[in-house]
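The sequence shown begins at 0 in numbering that gives the first Met the number 0 and counts up one residue at a time. Ideal Cβ positions, reconstructed from N, Cα and C, are used throughout, including at glycine. Reviewing the structure listed below.
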Amino acid sequence: MEDWHVDLAQQFKDRDNPRPMGAMLGLVVAIGDNWLVTLKDGAFKVDKSNGYICNQILRHEADYSYEHAGTTTVGGCLGGANTNYSAKGNGKIHIKPLWQVGDHVLVVPDMREQHFFIVDIVR
Numbered sequence: 000m001e002d003w004h005v006d007l008a009q010q011f012k013d014r015d016n017p018r019p020m021g022a023m024l025g026l027v028v029a030i031g032d033n034w035l036v037t038l039k040d041g042a043f044k045v046d047k048s049n050g051y052i053c054n055q056i057l058r059h060e061a062d063y064s065y066e067h068a069g070t071t072t073v074g075g076c077l078g079g080a081n082t083n084y085s086a087k088g089n090g091k092i093h094i095k096p097l098w099q100v101g102d103h104v105l106v107v108p109d110m111r112e113q114h115f116f117i118v119d120i121v122r
């Protein structure tokens, strides 16, 4: 005859435990202040009350610099006495927002599956 604690442990093992959600794809339904992402064909909704958006989706910023030199022509002819040029500069490029309605995004739940992190756009 089995010990009672072995039987109890087996019952815990055999019961139907809910499977964790894990990372999943969400569909962007709305952007802006009242953004909305749906999960599992609309069964779950993530908005600002239960979700967080990674900054890279909302705004992308990049530094750039350039240096270029060449000769200008007009209609295939040299453009005058001083046809050589050179230019250089640098700056920042701001692109916002990156996500659009209809995009699929990677969504990761927290440990309790009550809050969600929208990590990136999936293409």
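Given this structure, state the Cα-to-Cα distance separating residue i from residue j, to the nearest angstrom.
{"i": "proline 19", "j": "glutamate 112", "result": "8 Å"}
{"i": "leucine 24", "j": "tryptophan 3", "result": "44 Å"}
{"i": "isoleucine 94", "j": "asparagine 54", "result": "12 Å"}
{"i": "arginine 124", "j": "proline 96", "result": "As displayed, the chain neither begins before 0 nor continues past 122, which places residue 124 out of reach and without an answer."}
{"i": "threonine 37", "j": "methionine 110", "result": "19 Å"}
{"i": "glycine 90", "j": "serine 64", "result": "6 Å"}
{"i": "phenylalanine 116", "j": "aspartate 32", "result": "16 Å"}
{"i": "aspartate 119", "j": "serine 85", "result": "39 Å"}
{"i": "valine 104", "j": "valine 28", "result": "11 Å"}
{"i": "arginine 122", "j": "asparagine 16", "result": "33 Å"}
{"i": "glutamine 10", "j": "alanine 61", "result": "56 Å"}
May I ask you to list the residues that DSSP assigns as paired with residue i?
{"i": "serine 64", "result": "Asn89"}
{"i": "leucine 105", "result": "Leu24 and Asp119"}
Between the options, which lies nearest to residue i when the distance is taken from Cα to Cα?
{"i": "alanine 22", "options": "Ile30, Lys39 and Gln9", "result": "Lys39"}
query: For the stretch 41 to 49 against the stretch 64 to 72, are there 3 or more C-beta pairs whose distance is under 8 Å?
result: no
field: Complete runs of the beta strand (DSSP E) confined to the stretch 16 to 53 [at least 3 residues]
entry: 23 to 29, 35 to 38, 43 to 45 and 50 to 52
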